[in-house]
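In full-length UniProt numbering, the protein residues as written are 1 to 436.
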């Protein structure tokens, strides 16, 4: 639903940009042909409110689809077009919190994988063991200390990229995407083979209501793509069926998640499942008895996540700059080159030092920042885009990318759903901490 909201807002943003350009062309033409003075032109342009229907400023020469999504308009630009100053700041704060959560998850995931590979007992009987943070890794070093050592190395190696720009990563991203598909395909096939042989250890209950609150955050985090839609939808040449394509995409993603999840819970004992799913294949010869492939799956998150960490860090740094940017102003060198990178890098690393519970990190990031990006921002974007363009475009203008959920009821439904999710997850966190 909220995906269709974002697509409609993108079309509205394109119409708004075309309207402004056409208005500027009218002013330029008047400036070159009119006998009025420059002061008269400026006065007239200022006195004309942005309520003039776009159809009145069209030139002859065929039909123009003003709502065609031909120009990529990112969510930040849409927020600047349709929100007031407070709304724009709240949008960037939401994005920043989400990116902080992303970086904290990544900063914890890589050291966990390295710790499990370096400290794990890779004998074929190790799959039935559950290690604690206080268990020995090597010599006097515990697993928890080993995790912190690897986290320090991760920070020293990838942290400096936050102070620079991440460019020309296309081929690196293609390589990591290929590695992801190889790893996911391997894990699904291996789990299916084990289940097919009747040696699966998983006996999940029909339902477990205790896991429902965290499921909200995990699902939001897993399906959140609204902030990437402008880059995904705009290049599509034939946008007449963009709704069908998006729906098919969601169905395929859901099918993939269901296949991956159900093969996992029936293949492995739920009490022994690692937060990082790939690690379940590194210490169990009953699932995979080829050492090279076991190490590949164990270290696969290290390579893929390490390539994304600098990109997300630079994105977060740039969002901080945008949040505090003032027209015509520039930042001092120390603020631009030192302060912004530090406030980008330090908080997620500190969080990763304090906890490596990936399930909680994903759940909290998805439940709070993710809810804002997936539910709240799209709902407000489409609501204010409609209010903004109706007097400008006129009631007869048709947005072919209008959401099927065009009634205002659906906007308020999404906002109420977001509030319900936040209250549900918050209550669960408080109750869980109280029990502990």
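For each residue, glycine too, the CB sits at the ideal point set by N, CA and C.
| request: Compare the Cα-Cα distances from residue 67 to each of 349, 423, 401, 406 and report the closest residue. | output: Here residue 67 corresponds to residue number 67 of the chain shown, with the count starting at 1. For the residues 349, 423, 401, 406, the minimum Cα distance to residue 67 belongs to 401.
| request: Measure the alpha-carbon distance for residue 260 versus residue 232 and round it to whole angstroms. | output: In the chain shown, the residue the question calls residue 260 occupies position 260. In the chain shown, the residue the question calls residue 232 occupies position 232. Each residue's Cα considered, the two are about 24 Å apart.
| said: Please tell me whether residue 397 and residue 78 are closer than 9 Å, where the distance is taken between their beta carbons. | reply: Residue numbering aside, residue 397 sits at position 397 when the chain shown is read from its first letter. Residue numbering aside, residue 78 sits at position 78 when the chain shown is read from its first letter. The criterion of a C-beta distance shorter than 9 Å is not satisfied by residue 397 and residue 78.
| query | Taking DSSP as the reference, what is the three-state secondary structure of residue 41? | reply | One-based indexing of the chain shown puts residue 41 at position 41. For residue 41, the predicted model reports a pLDDT of 45, less than 50, meaning its position is unreliable; a value from the coordinates is still stated below. Correct three-state label for residue 41: helix.
| query | Taking the C-alpha atoms as reference points, what is the distance between residue 242 and residue 20? | reply | For this step, residue 242 is matched to residue 242 along the chain shown. For this step, residue 20 is matched to residue 20 along the chain shown. Taking the CA atoms as reference points, residue 242 sits about 26 Å from residue 20.
| Per DSSP, the bridge partner or partners of residue 136 | On the chain shown, residue 136 is found 136 positions in, with the first residue counted as 1. DSSP output for residue 136 lists 142 as bridge partner(s).
| task | Return the residue from the list 71, 417, 422 that minimises the CA-CA distance to residue 239. | result | For this step, residue 239 is matched to residue 239 along the chain shown. Minimum Cα distance to residue 239 is reached at 71.
| request: Take residue 279 as the anchor and find which of 265, 263, 297 has the nearest alpha-carbon. | output: Mapped onto the chain shown, residue 279 falls at position 279. Comparing alpha-carbon positions, the option among 265, 263, 297 lying closest to residue 279 turns out to be 297.
| Looking only at its own chain, which residues have a Cβ that is under 8 Å from the Cβ of residue 202, when we skip the five neighbours before and after it? | For this step, residue 202 is matched to residue 202 along the chain shown. The residues are 264, 265, 266, 267, 268, 269, 270.
| Nearest to residue 223 by CA position, among 195, 107, 210, 255, is which residue? | The residue given as residue 223 occupies position 223 in the chain shown. Comparing Cα positions, the closest option is 255.
| said: Considering only the alpha carbon of each residue, which of 219, 26, 162 lies closest to residue 257? | reply: The residue labelled residue 257 in the question sits at position 257 within the chain shown. It is 219.
| task | Name the two residues that bound the continuous alpha helix (DSSP H) containing residue 78. | result | Counted from its first residue, the chain shown places residue 78 at position 78. 75-82 is the extent of the alpha helix (DSSP H) around residue 78.
| task | Please classify residue 307: does DSSP put it in a helix, a strand, or coil? | result | Translated into the one-based positions of the chain shown, residue 307 becomes position 307. Helix, per DSSP.
| query | Just how far apart, CA to CA, sit residue 274 and residue 292? | reply | Sequence index remark: in the chain shown, residue 274 carries index 274 (1-based). Sequence index remark: in the chain shown, residue 292 carries index 292 (1-based). Rounded to the nearest angstrom, the two C-alpha atoms are 20 Å apart.
| Can you tell me the Cα-Cα spacing of residue 115 and residue 143, whole angstroms? | As a working note, residue 115 is residue 115 in the chain shown. As a working note, residue 143 is residue 143 in the chain shown. When rounded, the distance between both Cα atoms is 7 Å.
| Would you report the Cα separation of residue 324 and residue 3, rounded to the nearest angstrom? | The residue you call residue 324 lines up with position 324 of the chain shown. The residue you call residue 3 lines up with position 3 of the chain shown. When rounded, the distance between both Cα atoms is 28 Å.
| query | What are the boundary residues of the alpha helix (DSSP H) that residue 189 is part of? | reply | The count along the chain shown starts at 1 and reaches residue 189 at position 189. Counting along the chain, the alpha helix (DSSP H) containing residue 189 begins and ends at 170-196.
| task | Report the residue from 389, 253, 95 whose alpha carbon sits nearest the alpha carbon of residue 14. | result | For the purposes of this step, residue 14 is taken as the residue at position 14 of the chain shown. The candidate whose alpha carbon is nearest that of residue 14 is 389.
| field | Continuous alpha helix (DSSP H) stretch holding residue 284: start and end | value | On the chain shown, residue 284 is found 284 positions in, with the first residue counted as 1. No alpha helix (DSSP H) holds residue 284; DSSP gives it neither H nor E.
| query | What's the C-alpha gap between residue 117 and residue 157? | reply | Working through the chain shown from its first residue, we reach residue 117 at position 117. Working through the chain shown from its first residue, we reach residue 157 at position 157. Looking at the two C-alpha atoms, the distance is approximately 19 Å.
| Residues near residue 378 by beta carbon distance below 8 Å, same chain, minus five either side | Your numbering for residue 378 matches position 378 in the chain shown. Closer than 8 Å at Cβ, skipping near neighbours: 2, 3, 5, 6, 9, 226, 414.
| request: Return the first residue and the last residue of the alpha helix (DSSP H) that residue 388 is part of. | output: Here residue 388 is taken as the residue at index 388 of the chain shown, counted from 1. For residue 388, the enclosing alpha helix (DSSP H) stretches over residues 377-393.
| field | Cutoff 8 Å; reference residue 139; Cβ partners in own chain excluding five residues on either side | value | Start at 1 with the first residue of the chain shown, and residue 139 comes out as number 139. Excluding the 5 residues flanking it on each side, residue 139 has no same chain C-beta neighbour closer than 8 Å.
| field | Own chain partners of residue 80 with C-beta closer than 7 Å, once the 5 adjacent residues on each side are dropped | value | Sequence index remark: in the chain shown, residue 80 carries index 80 (1-based). Within the same chain, residue 80 has close Cβ partners 88.
| Any chance the stretch 332-345 sits against the stretch 309-321, with 3 or more Cβ pairs inside 8 Å? | The stretch 332-345 is in contact with the stretch 309-321.
| message | Please classify residue 113 as buried or exposed, where buried requires at least 16 neighbouring CB atoms within 10 angstroms. | response | Locating residue 113 in the chain shown gives position 113, counting from the first residue. Looking at its Cβ environment, which holds 16 or more other Cβ atoms inside 10 Å, residue 113 is buried.
| Hey, would you say residue 179 sits closer than 9 Å to residue 303, going by beta carbons? | Taking the first residue of the chain shown as position 1, residue 179 is located at position 179. Taking the first residue of the chain shown as position 1, residue 303 is located at position 303. The criterion of a C-beta distance shorter than 9 Å is satisfied by residue 179 and residue 303.
| query | How many Å lie between residue 173 and residue 277 at the Cα? | reply | Working through the chain shown from its first residue, we reach residue 173 at position 173. Working through the chain shown from its first residue, we reach residue 277 at position 277. Distance between the alpha carbons of residue 173 and residue 277 is about 21 Å.
| task | Specify the secondary structure class of residue 147 as computed by DSSP and reduced to three states. | result | Counted from its first residue, the chain shown places residue 147 at position 147. Reduced to three states, the DSSP call for residue 147 is helix.
| Looking at the structure shown, is residue 369 part of a helix, part of a strand, or coil, going by DSSP? | Residue numbering aside, residue 369 sits at position 369 when the chain shown is read from its first letter. Residue 369 falls in the helix class under three-state DSSP.
| Hey, which unbroken runs of the alpha helix (DSSP H) at 4 residues or more fall wholly within the stretch 214-272? | Counting only runs of 4 or more, we get 229-233, 242-267.
| field | Nearest-angstrom Cβ-Cβ length linking residue 161 and residue 310, presumed shorter than 8 Å | value | One-based indexing of the chain shown puts residue 161 at position 161. One-based indexing of the chain shown puts residue 310 at position 310. With 8 Å as the limit, residue 161 and residue 310 qualify as a contact, their Cβ atoms being about 4 Å apart.
| field | Environment of residue 109 [buried if 16+ CB atoms lie within 10 Å] | value | Start at 1 with the first residue of the chain shown, and residue 109 comes out as number 109. It is buried - the Cβ of residue 109 has at least 16 other Cβ atoms within 10 Å.
| Host alpha helix (DSSP H) of residue 400 (start-end) | Position 400 of the chain shown, counted from the start, is the residue given in the question as residue 400. Per DSSP, residue 400 belongs to no alpha helix (DSSP H) and is neither H nor E.
| task | Compare the Cα-Cα distances from residue 421 to each of 107, 380, 383, 366 and report the closest residue. | result | Here residue 421 refers to the residue found at position 421 when the chain shown is read from its first residue. Nearest of 107, 380, 383, 366 to residue 421, Cα basis: 366.
| task | Decide if residue 210 is buried, meaning its Cβ has at least 16 other Cβ atoms within 10 Å, or exposed. | result | Position 210 of the chain shown holds residue 210. Exposed.
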